[in-house]
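Chains as they are written, first to last, in our numbering: chain A, 29 to 209; chain B, 296 to 485.
Okay, structure coming up:
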């Protein structure tokens, strides 16, 4: 039983679930260390490939865990790893959300809500800037992001997929133009 | 350019099925990040299931707690609408699409990378997805601008995390008590 790959996946990912404060990015280095150096599930080259795929896939970046589980033990591995990463943190979040909701309307609740709201906004803005800085889109990425935001504020019901197509087209056009110069 | 009219969101009563399909769609189409922006659009702008303050504070709580931010945020919204059932439905709906797509992509990976333009297109998609986040920031910023304390909290959080690269936990641990204290102080006034 000690070598059961599914138990190994649980033992590795449950702790990551509990310490993943600030979301997926904070635990990627730790997951890499475990998957490559400690458990020898894959080479670092394979890990980088999985990381790139998890970025290209929709959904939270933590789908990286799903891919590692799939690599280790197929479909059951993918399911077990995903649950191991999402269930523990979700139980904590559920408990907090429940307590939060029970005290709705009290003065301290209103103060907490109004006090935390601008922090949520600050964090989302910081997240947007860090993605734009890390990515390899350069100034064009900033322009496309700003343009997409302005378009959405102007036309809130505009479908985001249309924006994504436009964004992709702008990047393709820019690359075509720069290759011709 | 920016529409300053207070938007009155069309309130469509939430059902478990609607909750499931909305989060399934968010999970499936949220390429390039910007998921919380997409959740904001579907749940606050289009459907009015929760109000802006609830969303923004839920967003802050989701980021402070362990776990993927969007997973926590989905759970928070599902819980608010339908309790435990809603929390499970929202979370399962959010994750089930990406689960299969990610595994499908591994199989298609070698084909995809041999097509040299994939990365260029994905970069463009990712950049436009950030636009969704900017909308949330603009809306939230507009709300925050009603109180000096909120503006200071917003700017301090942004500078601390994005410019000075301080740890998110440290920034929140310092800014949150002050911001909440200011909001508490405001609420005392008639």
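Note that CB positions come from ideal geometry on N, CA and C, so glycine has one too.
Take the alpha-carbon of residue 416 of chain B and the one of residue 388 of chain B: they are about 27 angstroms apart.
The region 348–356 of chain B makes contact with the region 141–153 of chain A: 3 or more CB pairs, one atom from each, lie closer than 8 angstroms. Close CB contacts of residue 437 of chain B within its chain, under the 6 angstroms cut and outside five residues either way in sequence, are absent.
In the structure shown, residue 128 of chain A adopts helical secondary structure according to DSSP, grouped into three states.
Rounded to whole angstroms, residue 457 of chain B and residue 312 of chain B show a C-alpha spacing of 38 angstroms. Within chain B, 390 and 394 have C-beta atoms less than 9 angstroms from the C-beta of residue 110 of chain A, given in sequence order. At a beta-carbon threshold of 7 angstroms, the residues of chain B lying near residue 142 of chain A are 348 and 478, ordered along the chain. Contacts between residue 199 of chain A and chain B, judged by CB atoms closer than 7 angstroms, involve 415, 416, 418 and 419 in chain order. Exposure of residue 380 of chain B is indicated by the presence of fewer than 16 other C-beta atoms within 10 angstroms of its C-beta. The beta carbon of residue 397 of chain B sits closer than 8 angstroms to some beta carbon of chain A. Proximity of chain B to residue 98 of chain A at the Cβ level (cut-off 9 angstroms) is accounted for by 397, 398 and 401, in chain order.
For residue 439 of chain B, the residues of chain A that pass the 8 angstroms Cβ criterion are 145, 146 and 149, in the order they occur in the chain. Judged by beta-carbon spacing, residue 368 of chain B lies beyond the 8 angstroms limit of residue 398 of chain B, meaning their Cβ atoms are not closer than that value. Within chain A, no C-beta atom comes less than 7 angstroms from the C-beta of residue 465 of chain B; the nearest is roughly 11 angstroms away.
Relative to residue 181 of chain A, the option among B:467, B:427 and B:373 whose CA is nearest is B:427. The C-beta of residue 75 of chain A comes no closer than 8 angstroms to any C-beta of chain B. Our two residues, residue 429 of chain B and residue 323 of chain B, have alpha carbons roughly 21 angstroms apart in a direct line.
Around the beta carbon of residue 75 of chain A, 16 or more other beta carbons sit within 10 angstroms, so the residue counts as buried. By the neighbour-count criterion, in which a residue is buried when 16 or more other Cβ atoms sit within 10 angstroms of its Cβ, residue 91 of chain A is buried. Secondary structure at residue 120 of chain A: helix, using DSSP grouped into helix, strand and coil.
When the alpha-carbon of residue 61 of chain A is set against those of A:81, A:96 and A:31, the nearest one is in A:96. Nearest CB-CB separation between residue 459 of chain B and chain A: not below the 8 angstroms threshold. For the set A:188, A:173 and A:81, the Cα lying nearest the Cα of residue 402 of chain B is the one of A:81. A:44 is the residue among A:68, A:44, A:57 and A:130 whose C-alpha sits nearest the C-alpha of residue 112 of chain A.
DSSP places residue 155 of chain A in the helix class (H, G or I) of the three-state scheme.
Taken in chain order, the complete alpha helix (DSSP H) segments of 4 or more residues contained in the region 399–477 of chain B are 413–439 and 443–453.
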